[in-house]
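First up is the structure itself, then whatever we jot down about it.
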Amino acid sequence: MTHHIDTPAGPDGSAGPDRPGGSGRPGSLETPLDRWIRRFPPYRTAEHTLVCFPHAGGAASYYHALSTALDPDIELLVIQYPGRENRLFEEPVRSLEAMADAAARALTAHGVERPVFFGHSMGAIVAFETARRLSRTASRPATLVASACAAPSHHEARAERLDGAGEEADTAVLARIMGLGGTRPDVAEHEELIRLCLPALRADFAALERYRVAPEATAPCPITVFAADDDPSLPPADAGRWGLHSAAGPVGVHVFEGDHFYFRERPGPFLELLHRTVREAGRGVAFA
């Protein structure tokens, strides 16, 4: 098992060589749904499917290194939100529910069956809402891994209004991202890059701030929570609240060393547990 994962300098977000729209279907023409899923090489027939949902401001290429670190029995698909990479010139979506609607349609059209969902930060809520929409389909997840994110009905207290306009709002958005450790320090020195990323960041934060869900809303699958001991966005003591949103009952909580992006700092323990979680879910074993 390979234990290297880092923030990639990354691919440019273009589709793979054998599929114009990145749909995974050789020779197919791109459709709007195809753009919602990225599948990184090597292309293979795997026993298990892991679907990743990126964080606020995040893009599919952030998980390219993970695709190379996974064992051959696990295929990685990543949800690509509008407004970044190969979707840079599309209007960002300012609703987590709308993101989930599109992701659910794309996964169903893609023919994904019984995957494991991994959602990091904002992505955990998008994954949760996507799972709810897939509850009566073959694409319903076997397990949802909620990483570094407060439970859906408790996230409101941690949401910040960062969706304004102007220099002050842009500074606040960048400070938020830099404070969580998801961006290299030198990125702040590249004004052009920041200008390209800020619309998607602002839209994501606006979507988070507006999101509300009923306390009794549940995902149709077991939930496992990954948290970090130095992450201000999810104190480990609060991670168990995800159990309120699992139709399968109490959740398993696993605490790593590190900050909000703990899996970049110490990839070994994270990868070992992720592999185990995916395989146990594939065998129908409730993992705790």
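When we follow the working numbering, the leftmost residue of the sequence shown carries the number 69, and every step to the right adds one.
Cβ coordinates follow ideal geometry from the N, Cα and C atoms, glycine included.
Judged by pairs of C-beta atoms under 8 Å, the stretch 323-339 touches the stretch 287-295, as three or more such pairs exist. The beta strand (DSSP E) runs lying completely inside the stretch 113-177 and spanning 3 residues or more are 116-121 and 142-147, given in chain order. The beta carbon of Ser203 sits closer than 6 Å to those of Pro288, all from its chain and outside the five residues before and after it, given in chain order.
Taking C-beta atoms as the reference points, Ile291 and His313 count as a pair closer than 8 Å. In the same chain as Trp310, and ignoring 5 residues on each side of it, the C-beta atoms closer than 6 Å to its own belong to Ala214, Ala219, Ile291, Val293 and Val319, in chain order. A check of alpha carbon separations from Arg162 across Tyr279, Asp139 and Thr286 identifies Tyr279 as the nearest. The shortest C-alpha to C-alpha distance from Glu181 to any of Thr198, Pro209 and Ser129 is the one to Pro209. With a 10 Å radius around the Cβ and a threshold of 16 neighbouring Cβ atoms, Pro122 comes out buried. Pairing Phe186 with Leu118, the inter-Cα distance amounts to about 7 Å.
Taking the Cβ atoms as the reference, Pro150 lies roughly 6 Å from Glu159, within the contact range of under 8 Å.
Here the C-alpha atom of Arg103 lies approximately 8 Å from the C-alpha atom of Arg155. Judged by DSSP in its simplified three-state form, His222 adopts helix. If you compare the alpha carbons of Ala271, Ala172, Leu175 and Thr113 with that of Ala124, the shortest gap goes to Ala271. If you ignore the 5 residues before and after Thr205, its C-beta comes within less than 7 Å of the C-beta of Thr176, all in its own chain and listed in chain order. Remark: C-beta atoms of Leu164 and Glu197 approach each other more closely than 8 Å.
The distance from the Cβ of Val194 to that of Met167 is about 5 Å, consistent with a contact at the 8 Å cut-off.
In the three-state scheme derived from DSSP, where H, G and I count as helix and E and B as strand, Phe186 is classed as strand. With 16 or more other Cβ atoms from the protein chains shown falling within 10 Å of its own Cβ, Thr286 counts as buried. Taking the C-beta atoms as reference points, Leu101 is found no nearer than 8 Å to Arg200.
Judged by DSSP secondary structure, Thr345 falls outside any beta strand (DSSP E) and instead within the alpha helix (DSSP H) spanning Pro335 to Gly350. For His328, there is no enclosing beta strand (DSSP E), as DSSP gives it neither H nor E.
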